[in-house]
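Heads up: the structure comes next, in structure tokens.
Number of protein chains: 2
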Amino acid sequence: MSKIVIYDTTLRDGAQGEGISFSVEDKIKIARKLDDFGVDYIEGGWPGSNPKDIEFFESIKSVKFKNAKLTSFGCTRRPKFTAATDPLIKNLVDSGSLAIALFGKSWDFHVTSALRIPLEQNLEMIYDSVNYLKSLGREVIFDAEHFFDGYKANPEYAMKSLEAAADGGADALVLCDTNGGSLPIEVGDITETVCKRFKTVVGAHIHNDSGLAIASSVTAVQRGAAHVQGTINGYGERCGNANLCAIIPILELKLGYQCVPTGKIEEITELSRFVDEIANLLPDERQPFVGRCAFAHKAGVHVDAVTKNESTYEHIDPGCVGNNRRLLVSELAGGSTVAQKASKLGIDLGKKSPEVKAICDMVANLEHNGYSFEGAEASFELLLKKSLGKYRKLFDLVGFRVIVEKRGPNEQPITEATLKISVDGREAFTVAEGDGPVHALDNALRLALRQFYGKELAKIKLADFKVRVVNSREGTAAKVRTVIESTDHAEAWSTVGVSTNIIEASWAALADSVEYGLLKHLPK
Amino acid sequence: MSKIVIYDTTLRDGAQGEGISFSVEDKIKIARKLDDFGVDYIEGGWPGSNPKDIEFFESIKSVKFKNAKLTSFGCTRRPKFTAATDPLIKNLVDSGSLAIALFGKSWDFHVTSALRIPLEQNLEMIYDSVNYLKSLGREVIFDAEHFFDGYKANPEYAMKSLEAAADGGADALVLCDTNGGSLPIEVGDITETVCKRFKTVVGAHIHNDSGLAIASSVTAVQRGAAHVQGTINGYGERCGNANLCAIIPILELKLGYQCVPTGKIEEITELSRFVDEIANLLPDERQPFVGRCAFAHKAGVHVDAVTKNESTYEHIDPGCVGNNRRLLVSELAGGSTVAQKASKLGIDLGKKSPEVKAICDMVANLEHNGYSFEGAEASFELLLKKSLGKYRKLFDLVGFRVIVEKRGPNEQPITEATLKISVDGREAFTVAEGDGPVHALDNALRLALRQFYGKELAKIKLADFKVRVVNSREGTAAKVRTVIESTDHAEAWSTVGVSTNIIEASWAALADSVEYGLLKHLPK
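Sequence order for the protein chains is F and D. At position 100 of the first sequence (counting the first as 1) the number is 100 in my numbering, and the numbers step up by one without a gap. At position 62 of the second sequence (counting the first as 1) the number is 62 in my numbering, and the numbers step up by one without a gap.
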């Protein structure tokens, strides 16, 4: 089974996508996940292009990777410097990464019109930069920017740029379709020509401006490339980069290559959703292989056929990529999930029992109203307990009032929440301030519960807070979904609330979150 | 210039997509728009499969099309009927459409396992059905379901199914990749083989389960197909159908075919957004050619180069498809973006001028604090005007108070906002209720501004509201970013606010949004 090198650039080129802004902490989390998944290279950033990337390369030094090589990205030396004196090259060396991706020009038009230097000088810059980094013992991946456009304009010069890199000792020659305008047939033909000419490993780095990045990457491999660059979920500038979440399944499941360690491809759906979660982007439901709709059947004919024989309307088994079949007209899929969850609570229910049917109907109704239990298992468990008579109520809300008051254009707003709850007939009435209305309400709730459940409450910490507008077209009257994650340092759990009123939605998620945590720690 | 027939199935196969549910009026609106754009066929539905489709074919009879042929869709006769007696075939005839798409089996496995009839009988069903409809003077397009999978399993039988249709008099033989699992190279090779064998027009109908539908459709044309089926925005079951909004630009702008009447391709971005609007789906911003990000540049290097010469980082001129270039303001962008934006306001600044430098620093600082101007160009413009002394203040906030009060666990919360503003020394003090705190504040602001800017205010509508937690790990004390989109039906603009207090963040975005809209309509 032939191995294809997977080079992930989610953290560098992916971060150029509109709406994506990773913190250093986000980048480290994603890098760890990518390493665990088994990619070969993780391009971490361009050290020196901004302070965040420098901080990232510092912080990541303490992380040990199992599979991946951390890679820094930068350009060939600039005309006025030697490779050894160019501060940008020095940044790459100082980043400490053993592998370095260097991009250089391979399109004559860019050399003369953007760099404004003689063609020959650009070749020297490529050779020098690669050669210098190799002399320091680094692995060097040469990214030939605009290679396909360059080759179409001047094949001889484009080839010379690769030759300069190869002569300098480059470990891989990566052909970039930087503007994403080339067709798969062109990419295939040109890649094959390059592969025949060089002994060095050839790679492909394709952008998706024509919606062809997956096809061009796969075609490049079919015609001889052994290294593919892309991003998780196809993040990237403009229309994005080649999407590894489709390329890896195609290469492994349809063409018999090995991309990641055996068995790991089953984790690709989870990886895709993890990265969307960190990036705080709504997952693309129609995304091939890993999207929520990728194996969802709606047409009557299809649902009927697929339940008889999956291969009638599915090109692969969804389980191969860790995804699930969903039948949109039937509650069959839901029933087994509910029965499974109930059995975890010690209740055995048939997946077609009336109890399960009733819960499925309730969930369908709540989801119709904007709820989503996929990321809120604790709320789902409380709901299940309530339906099955296994729920123990810890407190009742009597009422709350939240006031946000701003007394001038430059004044900080004052926020206070008053809250009354009752526990076994005893009332607690508290008031608290906060940075915002939900924070104030959280503080008031903690104050109120302290006298009843102080010991257990001390263990629960609020870890994460997310807000999403469900039907944004309604403007400021839109429905809002709040998800809160809490932790007791042993476990994390998530809860959800939905309302047109953000305070109400947050209250629901907050109350569930605290209740779930207390139930966990109180004597049974 | 060779003509490629464009066959749109947005209204039939597209409507199988999850979350899509067109009313009869919706379908008529889209059909008119498609006809105006200039597609050759509009597949309207499967008459008889549901009451809505029958109603649609009735209603559409009164519509005169300029370019397109309205087409009805159905299957070949069933084993127990003749073509003339099968009620499903009768429905097709009764629909009144002059063109009919008939799908039939071409994969032997489906004939024996799903239909459970002898292979020969399926061929007779195809021949009879096509022949019967041709005898009634209809145009017949034969959709060979699962053709590529069928050909890979049993090429001889797959070819026989096409032969039966051709012998029956079919006007086009359409090869379907129903499960979307075939690779472009396979699709190309098989299409070429079919084209060599038949004189009839050959077409391609490809699904996107592998993310390859655009590539496979284009490859099919390059190898001999002259008819392409697809949907606007790639709607369709599972991962969707082949996306005509990418295929048409590729065929026309890159390969020199003619798909729609000359000049019409410049309307494709508007068509894409119109259909999303009717379907009530959020447009895919990263969609090739027509997406909002398709020509959006963020990386400093790219912005710099693109302002010098567009072709450096753009594969086509965005105007060719009616789209626009956008330069994103972010910490990754630099002075050129700011200078460009200023020049649009009529202020010429060098990209390295002190003013531009000061604005870049301010943006970097605000972004560090959670702002993001990428999706909030109106807020950026106001910021720019303020920095450059071009800002005209329309109102001052004196103060506001928002109260959310809940008086029992099952009571709806009561939300009210009081607001005081001043305009040229005259105060307005208002109170309003709302579905949530931001809605109440929005209502109070409109009431307050009405006496000063009533006419202009009436034009501004709040269209979209988004909330994102910036540093979610801070729990309920996290910072929140609110983005509001408003519209005056001619243009849409977005504004942003950031605070640990969601009410404060929303206020900032709301105030900017209304101010930008008023400034647009007030006399200069």
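Think of the CB as a built atom: it goes at the ideal place given N, C-alpha and C, for glycine as much as any other residue. Computed from a prediction, not measured in an experiment: that's the story for all the values here.
Start and end residues, beta strand (DSSP E) containing residue i
i                      : result
residue 227 of chain F : 227 to 230
residue 100 of chain D : 99 to 105
residue 176 of chain F : 172 to 177
residue 66 of chain D  : Segment: none, residue 66 of chain D is in no beta strand (DSSP E) and carries neither H nor E.
residue 7 of chain F   : 5 to 8
residue 430 of chain D : 426 to 433
residue 42 of chain F  : 41 to 45
Paired residues, beta bridge with residue i - DSSP
i                      : result
residue 482 of chain F : F:467, F:497
residue 139 of chain F : F:99
residue 401 of chain F : F:418, D:405
residue 326 of chain D : D:296
residue 205 of chain D : D:176, D:229
residue 243 of chain D : D:231
residue 528 of chain D : The structure shown does not extend to residue 528 of chain D, since chain D is modelled only from 1 to 524, so the question has no answer here.
residue 461 of chain F : F:487
residue 396 of chain F : F:422
residue 71 of chain D  : D:43, D:99
residue 492 of chain F : F:487
residue 145 of chain D : D:105
Buried versus exposed call for residue i [16 or more other C-beta atoms within 10 Å across all chains shown]
i                      : result
residue 287 of chain D : buried
residue 195 of chain D : buried
residue 379 of chain D : buried
residue 522 of chain F : exposed
residue 158 of chain D : buried
residue 481 of chain F : buried
residue 352 of chain F : exposed
residue 125 of chain D : buried
residue 80 of chain D  : exposed
residue 63 of chain D  : exposed
residue 524 of chain D : exposed
residue 573 of chain F : No answer is possible for residue 573 of chain F: it lies beyond the span of chain F, which begins at 1 and ends at 524.
residue 74 of chain D  : buried
residue 436 of chain F : buried
residue 136 of chain D : exposed
residue 61 of chain D  : exposed
residue 354 of chain D : exposed
residue 439 of chain F : buried
residue 478 of chain F : buried
residue 330 of chain F : Interpretation of residue 330 of chain F is limited by its pLDDT of 40, a score under 50 that renders its predicted location unreliable; no figure is taken from the coordinates.
Distance CB(residue i)-CB(residue j) smaller than 8 Å
i                      : j                      : result
residue 434 of chain D : residue 442 of chain D : yes
residue 142 of chain D : residue 102 of chain D : yes
residue 449 of chain D : residue 457 of chain D : yes
residue 70 of chain F  : residue 42 of chain F  : yes
residue 184 of chain D : residue 216 of chain D : yes
residue 289 of chain F : residue 246 of chain F : yes
residue 404 of chain F : residue 415 of chain F : yes
residue 461 of chain D : residue 274 of chain D : no
residue 463 of chain F : residue 487 of chain F : yes
residue 12 of chain D  : residue 46 of chain D  : yes
Opening and closing residue of the alpha helix (DSSP H) in which residue i lies
i                      : result
residue 198 of chain F : Here residue 198 of chain F belongs to no alpha helix (DSSP H), and DSSP marks it neither H nor E.
residue 89 of chain F  : 87 to 94
residue 383 of chain D : 377 to 387
residue 35 of chain D  : 24 to 37
residue 49 of chain D  : Premise fails: residue 49 of chain D is in no alpha helix (DSSP H) and is neither H nor E.
- Message: Taking beta-carbon pairs under 7 Å, can you tell me which members of the segment 234 to 252 of chain F lie near chain D?
- Response: 237, 238, 239, 240, 243, 246, 250
- Taking Cβ-Cβ distances below 8 Å as the criterion, which residues of the segment 420 to 436 of chain D are in contact with chain F? 434, 435, 436
- Query: Which residues, taken in chain order from the segment 198 to 221 of chain F, show a beta carbon closer than 9 Å to some beta carbon of chain D?
  - Reply: 207, 208, 209, 210, 211, 212, 213, 214, 215, 216, 218, 219
- What are the residues of the segment 313 to 324 of chain D that lie near chain F, defined by any Cβ-Cβ distance shorter than 9 Å? 313, 314, 315, 316
- Task: Return the residues of the segment 398 to 410 of chain D that lie within a Cβ-Cβ distance of less than 8 Å from chain F, sorted by chain order.
- Result: 398, 399, 400, 401, 402, 403, 404, 405, 406, 407, 408, 409
- Query: For the segment 10 to 26 of chain F, which residues have a CB atom closer than 7 Å to at least one CB atom of chain D, in sequence order?
  - Reply: 16, 18, 19, 21
- Message: What are the residues in the segment 496 to 518 of chain D lying within 8 Å of chain F by C-beta distance?
- Response: 499, 500, 501, 502, 503, 504, 506, 507, 510
- Near-chain F residues of the segment 118 to 141 of chain D - C-beta to any C-beta below 8 Å: none
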